[in-house]
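Its first residue numbered 10, the sequence shown is counted upward by one per residue in the working numbering.
Using N, Cα and C, we set each Cβ at its ideal position, and we do this for glycine too.
Just below is one structure, and these are the notes that go with it.
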Amino acid sequence: MSFKDNLKTRIKADGLFGQLASTIKEPPGKRWMDKALTHELLAMTDFEYKKVSGLDLYTRPFEGGTLEVLVLDNELPIYHTTISDVVLRKAPYWQQMFSIRNIKKIMNHHDVLVTTGKESLNRIHENALALIDLTYTRNDLASLLEEARQGIDKKSITQIRESLDLFFTILDFQPVSVGVQEKDLKLFVRARAGGGAMPVFKHLVLFDEETMQLDLKKGTFSPQSDMDLAWVIQYIKGEKKADLQGPDVFAFLYELALEKAEAHQHGVDQETP
Numbered sequence: 010m011s012f013k014d015n016l017k018t019r020i021k022a023d024g025l026f027g028q029l030a031s032t033i034k035e036p037p038g039k040r041w042m043d044k045a046l047t048h049e050l051l052a053m054t055d056f057e058y059k060k061v062s063g064l065d066l067y068t069r070p071f072e073g074g075t076l077e078v079l080v081l082d083n084e085l086p087i088y089h090t091t092i093s094d095v096v097l098r099k100a101p102y103w104q105q106m107f108s109i110r111n112i113k114k115i116m117n118h119h120d121v122l123v124t125t126g127k128e129s130l131n132r133i134h135e136n137a138l139a140l141i142d143l144t145y146t147r148n149d150l151a152s153l154l155e156e157a158r159q160g161i162d163k164k165s166i167t168q169i170r171e172s173l174d175l176f177f178t179i180l181d182f183q184p185v186s187v188g189v190q191e192k193d194l195k196l197f198v199r200a201r202a203g204g205g206a207m208p209v210f211k212h213l214v215l216f217d218e219e220t221m222q223l224d225l226k227k228g229t230f231s232p233q234s235d236m237d238l239a240w241v242i243q244y245i246k247g248e249k250k251a252d253l254q255g256p257d258v259f260a261f262l263y264e265l266a267l268e269k270a271e272a273h274q275h276g277v278d279q280e281t282p
């Protein structure tokens, strides 16, 4: 698969995980999760599906001849044991209930249980991401940059959105809300280490989905800063201009991605410039 395809796979995995994490319910006796979406995310991992004794099981090798076994039900348990042991605990035959040893296993799973619920979701998501190759070259980035420029030239909101998603995935940009923006104006920021109690980001990207105006304000930004909030209000009123507009925004994101790759090659934890 191409680098772009791998990025889109990452975006899909993150999207599925986000939907699942926001809809899962974990109160005792009222556990629920979207099994169809979970199945879709599991299909992106190295777990193999098996239907055993009415149970939807996903397995992969673990250690010492045992398996990592996930049961696709509302609890979403993950075990480190064998398939037969999981079947005994989750779907025992009545004949097996005559053994005290079996009853103890059926009543208590903690000796082999690893995670449930959201912790299992995190584990699945991490497994899916580990299989995606997101290494890239200058040529890979140049191709993304050219497609982004074409999207702006054509005034294609679909292409611009996709290009933003791709670069944002590389650079760990995330959406942010400041409470004063108009509904069509989307804001995105890049996480930055430090900042103490107040979250600190860098490089505010502003995209108006109605006019397709794309801008970028360089430097630090915090949604909790009165000064930054005032700047956004003035920007919306047309009283302030961003540092970069249109294709120059993508050119800047391209340079950031190059710097990130170079920092990774040298084993450096990059601080966004």
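_Output needed for residue 282: all residues of its chain with C-beta closer than 6 Å, excluding positions within five of it in sequence on either side, in chain order._
Because the pLDDT of residue 282 is 46, which lies under 50, any placement of that residue in the model is unreliable, and the question is left without a value.
*asked:* On a Cα-Cα basis, can you pick out the residue from 127, 149, 76, 89 that is closest to residue 120?
replied: If we check each option's Cα against that of residue 120, 89 comes out closest.
*So, is residue 85 buried or exposed, given that buried needs 16 or more other C-beta atoms within 10 angstroms?*
By the neighbour-count rule (16 or more Cβ atoms within 10 Å), residue 85 is buried.
_Buried or exposed for residue 54, going by 16 or more other Cβ atoms inside 10 Å?_
It counts as buried.
*Going by Cα to Cα distance, which pick from 81, 11, 27 is closest to residue 48?*
It is 81 whose Cα lies nearest to the Cα of residue 48.
*What residues in its chain sit with their C-beta under 7 Å from that of residue 197, if we drop five residues either side in the sequence?*
Hits under 7 Å: 177, 182, 183, 184, 185, 214.
*CB-CB under 6 Å to residue 232, same chain, minus the five flanking residues each way: which ones, in chain order?*
Taken in chain order, the residues that qualify are 185, 187.
_Between the CA atoms of residue 99 and residue 6 - distance to the nearest angstrom_ = What the structure shows of the chain is the stretch from 10 to 282, and residue 6 is not part of that stretch, so it cannot be assessed.
*asked:* If the criterion is Cβ atoms closer than 8 Å, does the pair residue 211 and residue 251 meet it?
replied: Between residue 211 and residue 251, the C-beta spacing is not below 8 Å.
*Are at least three pairs of beta-carbons, each pair with one atom in the segment 150–157 and one in the segment 68–76, less than 8 Å apart?*
No: the two stretches stay apart, fewer than three of their Cβ pairs being nearer than 8 Å.
*What number of angstroms, rounded off, separates the C-alpha of residue 2 from the C-alpha of residue 266?*
The structure shown does not extend to residue 2, since the chain spans only 10 to 282, so no value can be given for it.
*Among residues of its own chain, excluding the 5 on either side of residue 175, which ones have a beta-carbon nearer than 6 Å to its beta-carbon?*
Excluding residues within five positions, the ones whose Cβ falls inside 6 Å are 16, 153.
*Looking at the structure shown, is residue 6 part of a helix, part of a strand, or coil, going by DSSP?*
A query on residue 6 cannot be resolved here, the shown segment of the chain reaching from 10 to 282 and no further.
*Quick one: what's got a C-beta closer than 6 Å to residue 179's C-beta in the same chain, skipping five residues either side?*
Within the same chain, residue 179 has close Cβ partners 266.
_Bridge partners - residue 211, DSSP secondary structure assignment_ = Answer is 199, 229.
*Assign residue 34 to one of three DSSP states: helix, strand, or coil.*
In the structure shown, residue 34 falls within a strand segment according to DSSP collapsed to helix, strand and coil.
_Going by beta-carbon coordinates alone, are residue 237 and residue 219 separated by less than 8 Å?_
In this structure, residue 219 does not lie closer than 8 Å to residue 237 by Cβ.
_Contact test: residue 262 Cβ vs the ligand FAD heavy atom, cutoff 7 Å_ = The ligand FAD is not part of this structure, which contains no ligands at all.
*asked:* Can you list, in chain order, the residues of its chain with a C-beta nearer than 8 Å to that of residue 190? Leave out the 5 residues immediately preceding and following it.
replied: Excluding positions up to five away in sequence, the list reads 196, 241, 245.
*For residue 254, which residues does DSSP report across the bridge?*
Per DSSP, the beta-bridge partners of residue 254 are 224.
*Assuming residue 263 and residue 150 make a contact with CB atoms under 8 Å, what is their CB distance in whole Å?*
About 5 Å separates the beta carbons of residue 263 and residue 150, which is inside the 8 Å limit, making them a contact pair.
_I'd like the list of long-range same chain contacts for residue 125, defined as Cβ closer than 7 Å, with 5 residues on each side in sequence excluded._
A distance below 7 Å between beta-carbons, with the five flanking residues on each side excluded, links residue 125 to the following residues of its chain, in chain order: 84, 85, 86.
_For residue 77, list the residues DSSP reports as bridge partners._
Paired residues: 69, 89.
*Contact under 8 Å by Cβ, residue 29 with residue 43*: Taking 8 Å as the cut-off, the beta carbon of residue 29 is found closer than this to the beta carbon of residue 43.
*Which residues in the same chain as residue 133 place their Cβ atom closer than 7 Å to its Cβ, once the five residues preceding and following it in sequence are excluded?*
If we look at residue 133 and ignore the five residues flanking it on each side, its Cβ neighbours are 50, 51, 54.
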